[in-house]
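Counting from 1, position 213 in the sequence shown corresponds to residue 499 in the numbering used here; the numbering is continuous, with no gaps.
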Amino acid sequence: MSVVSTAQSEAEQQSVAKLAQEVAGKQGLSADVLYPAQDGDVAKLASQKGLDLVLASADTPQIAELAKAHPELRFSLLGDTSDPELSNVRHLVHDRARVLFIAGYLAAEANRTSNQPFTVVVKELRAADDPDWQMIMAGMHYAGRKDVPVQVPVSALDGTDAAAGQTAAGQGARPLKGLSAVLLDPLSEKAWAGLGAGGQWLIRTDEKTAALPLQDRVIAQPASLYETALEQEAELLVSGKWTGQQKVIVEGTRSYRINNASAFADAGMDVRLELIEEQLKSGAIKPDQYTAGVGQ
């Protein structure tokens, strides 16, 4: 079994190689894991004969074009939340509702010492019944906060819309507030400067691996799915059950990783979050029970 992986860190590469050997060994096969050179050019490896699977982050340069050019190869792309169009491509993602519930919880915890609500950066204002907004609010309610986060449109940060920041009720533009901000939607290049001026700690909700312009302020983001995805995809591959043109939720070991524990008042936040994630998986914590009274 021959696999191309874009895992970047040495520790992750070692873990991926070990897992590949274990999965292949169960089927009486050997495993060969290939990694792109420093330039990250996956295309140079894709031309090799006998390649079975390309396991890569969805934001790997030119990966979509490469999948189109090599219909004979199987591509498992991590973090692409769109629906795959090609029969040789699978998109592997976290459970989005769980990610947003945890994001709301972490934002509330990072904002614990502030009497202001935390900020949620959005492309457009979300209604109270928006599923994404409800999950962020549910996580906040679970953390014990009862205020309502401030929604700040990207256009209010980059100055492209003079009316940005208004709610459906006609409220005026609202600035960044609190000690933390959830990045619910992508930001424009100009918006990063506006966000930087606020000084908040940031919680990412996207599943991309590339660093953001303010990555040093990102205290938490969705965890890597590489290890779990490799085990799952390799088993499907060797059993002949791998099917393309699917978007699949992967149950990773963790949904979130803490980048900066010092941003939280609770020094044991990482351990606490691990327990919460276990309870979410087991059903002991039901996010829907915390959506009552969600406002905007």
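Idealized CB from N, CA, C, for every residue including glycine.
Beta-bridge analysis with DSSP links K533 to H377.
With contact defined as three or more Cβ pairs closer than 8 angstroms, the stretch 492-500 and the stretch 415-429 are not in contact.
A buried status is given to Q486, since no fewer than 16 other beta-carbon atoms sit within 10 Å of its beta-carbon. For R543, the number of other beta carbons within 10 angstroms of its own is below 16, and it is reported as exposed.
Residue pairing by DSSP places A506 opposite I489 and I544 in a beta bridge. Exclusion of the five residues before and after L392 leaves I489 and A506 as the residues of its chain whose Cβ lies within less than 6 angstroms of its Cβ. Taking a C-beta distance under 8 angstroms as the contact criterion, A342 and T405 do not qualify as a contact pair.
In its chain, beyond the 5 residues on either side, Y391, A394 and E395 have a beta carbon closer than 7 angstroms to the beta carbon of A429. Distances from the CA of W478 to each of P499, V534 and D471 were compared; the closest alpha carbon is that of P499.
Across the structure, A467 and V524 are spaced so that their CA atoms are roughly 43 angstroms apart.
Around the beta-carbon of T539, fewer than 16 other beta-carbon atoms lie within 10 Å, marking it exposed.
Taking each of D444, G425, H427 and P461 in turn and checking the Cα distance to V436, the smallest one comes out for P461.
Within the stretch 387-449, complete beta strand (DSSP E) segments of at least 3 residues are found at 405-408 and 436-439, given in chain order. Excluding the 5 residues flanking it on each side, K533 has same chain C-beta neighbours closer than 6 angstroms at D369 and H377, in chain order.
The beta-bridge partner set that DSSP reports for D318 consists of S288. Taking 8 angstroms as the cut-off, the Cβ atoms of G569 and L372 do not count as close. Less than 8 angstroms separates the beta-carbon of P573 from that of A383. In the DSSP assignment, S343 forms a beta bridge with L364.
The criterion of a C-beta distance shorter than 8 angstroms is satisfied by E513 and S301.
In the structure shown, S466 adopts extended strand secondary structure according to DSSP, grouped into three states. Proximity to Q501 across A553, E358, G482 and L561 peaks at G482, based on C-alpha coordinates. Excluding residues up to 5 positions away in sequence, L386, F387, I388, A389, G390, Y391, L392, A393, A394, P573 and Y576 lie with their Cβ nearer than 8 angstroms to the Cβ of G425 in the same chain.
Excluding sequence positions up to five before and after Q518, its CB lies within less than 7 angstroms of the CB of V536, all in the same chain and listed in chain order. Rounded to the nearest whole angstrom, the C-alpha separation of S295 and T399 is 35 angstroms.
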